[in-house]
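A.B. asks:
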Amino acid sequence: MGRIAYVNGRFVPHGQAVVHIEDRGYQLADAVYEVWSLFDGRLADADGHFARLERSLAELAIAMPMSRRALTLVLREAVRRNRVSDGILYLQISRGVAPRDHAFPNPGVRPSVVITVKSLARAAVEAKAAKGVSVVTTSENRWGRCDIKTVGLLPNVLAKQKAKEAGASEAWFVDDLGFVTEGASSNAWIVDSDGRLRTRDTNANILRGITRHTLLRVIAEQGLEVDERPFTPAEATAAKEAFITGAGALVLPVIAVDGRKVGDGAPGPLATKLRRLYIERARAGAV
Ligand code: PDD
Numbered sequence: 086m087g088r089i090a091y092v093n094g095r096f097v098p099h100g101q102a103v104v105h106i107e108d109r110g111y112q113l114a115d116a117v118y119e120v121w122s123l124f125d126g127r128l129a130d131a132d133g134h135f136a137r138l139e140r141s142l143a144e145l146a147i148a149m150p151m152s153r154r155a156l157t158l159v160l161r162e163a164v165r166r167n168r169v170s171d172g173i174l175y176l177q178i179s180r181g182v183a184p185r186d187h188a189f190p191n192p193g194v195r196p197s198v199v200i201t202v203k204s205l206a207r208a209a210v211e212a213k214a215a216k217g218v219s220v221v222t223t224s225e226n227r228w229g230r231c232d233i234k235t236v237g238l239l240p241n242v243l244a245k246q247k248a249k250e251a252g253a254s255e256a257w258f259v260d261d262l263g264f265v266t267e268g269a270s271s272n273a274w275i276v277d278s279d280g281r282l283r284t285r286d287t288n289a290n291i292l293r294g295i296t297r298h299t300l301l302r303v304i305a306e307q308g309l310e311v312d313e314r315p316f317t318p319a320e321a322t323a324a325k326e327a328f329i330t331g332a333g334a335l336v337l338p339v340i341a342v343d344g345r346k347v348g349d350g351a352p353g354p355l356a357t358k359l360r361r362l363y364i365e366r367a368r369a370g371a372v
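Using my numbering, the first residue of the sequence shown is number 86, and each one after it goes up by one.
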């Protein structure tokens with residue numbers, strides 16, 4: 086059975102799913118998106134992703150195309166039609182289709198809604214997590230509103246390509262003061278040389294990761310503390326462990342930064358444990 090996409094009210098074969106050439110998402114990156122991980126065909130961290138979606142849309146004055154309740158039904162139907170158990174759901178909402186003009190269309194047009202769903206081979210994903218991944222660093226060059234999850238991802242695209250060419254899986258942006266902000270598609274964490282969990286605070290210009298947020302709760306339940314304080318790449322290579330979080334990565338151990346080993350160059354015990362605990366929590370709470 087082929088993949089099915091959702092475009093503006095219709096479920097269509099993935100290969101035939103199209104949007105108009107004057108969609109503002111396509112021409113101007115005037116669009117936001119969300120990514121949910123799927124466990125057993127259900128949406129993980131659903132409320133957190135919906136809340137951030139609503140916030141991203143509100144910040145850009147794009148109307149929510151339907152109620153959260155109705156959208157939930159559409160997302161679930163998209164998953165059902167694709168018969169996906171473990172995987173990823175991608176939702177994109179643009180300001181809509183209008184003759185090209187930078188300012189908002191007047192009168193307002195209907196937002197465009199696109200949904201795609203893809204299956205992930207859980208065994209391959211777990212094998213990658215068991216090995217750990219490498220990251221490279223790159224200069225922070227994004228706009229000042231990284232808290233909004235827009236499709237304007239060109240700096241992230243270039244950073245990820247740099248990582249790929251270096252044989253790494255992720256790129257960490259480093260700001261003018263020398264601190265890691267976040268990854269191109271994930272939040273960055275370390276277990277520092279004192280054994281303390283550290284990740285950048287969300288007052289910084291980063292995405293307020295939903296996986297990050299859920300993991301903070303998991304960590305608190307373990308009786309552990311997190312220092313929401315930035316770290317440098319040098320602190321990461323001097324750290325006991327490092328990892329990244331995101332709807333794609335979940336909790337993924339980092340074993341090297343810019344070719345230098347983190348710890349003994351193998352996934353750390355805390356990152357490995359937190360991955361297991363996060364997945365248990367996400368699976369149990371998925372809707
Ligand atoms: N990316 N930071 C950035 C820049 C991201 O793009 C993402 C997610 C995260 C982690 O956020 P969350 O835990 O809510 O997924 C942090 C998604 C997965 C993507 O672009 O595909």
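All residues carry an ideal CB built from backbone N, CA and C; glycine is no exception. For clarity, every value in this text was computed on a predicted model and none was experimentally measured.
1. So the alpha helix (DSSP H) I275 belongs to, where does it begin and stop?
2. What are the uninterrupted segments assigned as beta strand (DSSP E) that are 3 or more residues long and contained completely in the stretch 249–325, given in chain order?
3. For V117, count the other beta carbons within 10 Å of its own beta carbon; 16 or more makes it buried, fewer makes it exposed. Which is it?
4. Comparing alpha-carbon positions, which option in P338, G294 and R161 lies nearest D125?
5. Give every residue of the same chain whose Cβ lies closer than 6 Å to the Cβ of A163, excluding the five residues on either side of it in the sequence, and list them in chain order.
6. Would you kindly check if the distance between the Cβ of V347 and the Cβ of S197 is under 7 Å?
7. Tell me the rounded alpha-carbon separation between R297 and G333.
8. Since I believe L128 is in contact with A371 (beta carbons under 8 Å), could you give me their beta-carbon distance rounded to a whole number of angstroms?
9. Comparing alpha-carbon positions, which option in I178, A209, A208 and R207 lies nearest V194?
10. Determine the DSSP secondary structure at V339, reduced to helix, strand or coil.
11. Examine the Cβ distances between the stretch 222–234 and the stretch 182–189 and report whether three or more of them are shorter than 8 Å.
12. On a Cα-Cα basis, can you pick out the residue from L138, T330 and S224 that is closest to R153?
13. Can we count N272 as close to the ligand PDD, meaning its CB is less than 6 Å from some heavy atom?
14. Express the C-alpha separation of V342 and N191 in angstroms, rounding to a whole number.
15. Going by DSSP, what residues sit across from L176 in a beta bridge?
16. Buried or exposed for H134, please, with buried defined as at least 16 other CB atoms from any protein chain shown within 10 angstroms of its CB.
17. When we look at the beta-carbon of N226 and count the other beta-carbons within 10 Å, is it buried (16 or more) or exposed?
18. R345 to E320, Cα distance in whole Å?
19. When you compare each of L359, T235 and K245 to V276 by their alpha carbons, which one comes out closest?
20. For V169, is the classification buried or exposed, using 16 other Cβ atoms within 10 angstroms of its Cβ as the cut-off for buried?
21. Out of R302, S271 and V311, point me to the one whose CA is closest to D279's CA.
22. Taking the beta strand (DSSP E) that R95 belongs to, which residues open and close that run?
23. Return yes when at least one heavy atom of the ligand PDD lies under 6 Å from the C-beta of G333, else no.
24. Residue range of the beta strand (DSSP E) that I89 falls in?
25. For L174 and L239, what's the separation of their Cα atoms in angstroms?
26. Would you call D115 buried or exposed, if buried means 16 or more other Cβ atoms sit within 10 Å of its Cβ?
27. Just how far apart, CA to CA, sit D132 and L243?
28. So T235 is in the beta strand (DSSP E); what residue range does that whole segment cover?
29. Among I106, D108, R88 and N93, which has the Cα closest to the Cα of G100?
30. Kindly list the residues whose CB is nearer than 8 Å to the CB of I295, restricted to its own chain and excluding five residues on each side of it in sequence; keep chain order.
C.D. replies: Reading it off the structure:
1. From DSSP, I275 is part of no alpha helix (DSSP H) but of the beta strand (DSSP E) over N272 to V276.
2. 255–259, 265–268, 272–276 and 282–284
3. buried
4. Cα-wise, what sits closest to D125 is R161.
5. Y91, I200 and V202
6. no
7. 12 Å
8. Right, the Cβ-Cβ distance comes to about 6 Å (below 8 Å), so this counts as a contact.
9. That would be I178, whose Cα lies nearest to the Cα of V194.
10. Strand, per DSSP.
11. Contact between the stretch 222–234 and the stretch 182–189 is absent, because fewer than three Cβ pairs lie under 8 Å.
12. L138
13. yes
14. Looking at the two C-alpha atoms, the distance is approximately 48 Å.
15. E119 and I200
16. H134 counts as buried, since no fewer than 16 other beta carbons sit within 10 angstroms of its beta carbon.
17. Burial check for N226: the Cβ neighbour count within 10 Å stays below 16, so the residue is exposed.
18. 11 Å
19. L359
20. buried
21. V311
22. R95 to P98
23. yes
24. I89 to V92
25. 21 Å
26. buried
27. 31 Å
28. T235: not part of any beta strand (DSSP E); DSSP gives it neither H nor E.
29. R88
30. D130, G133, H134, R137 and A332
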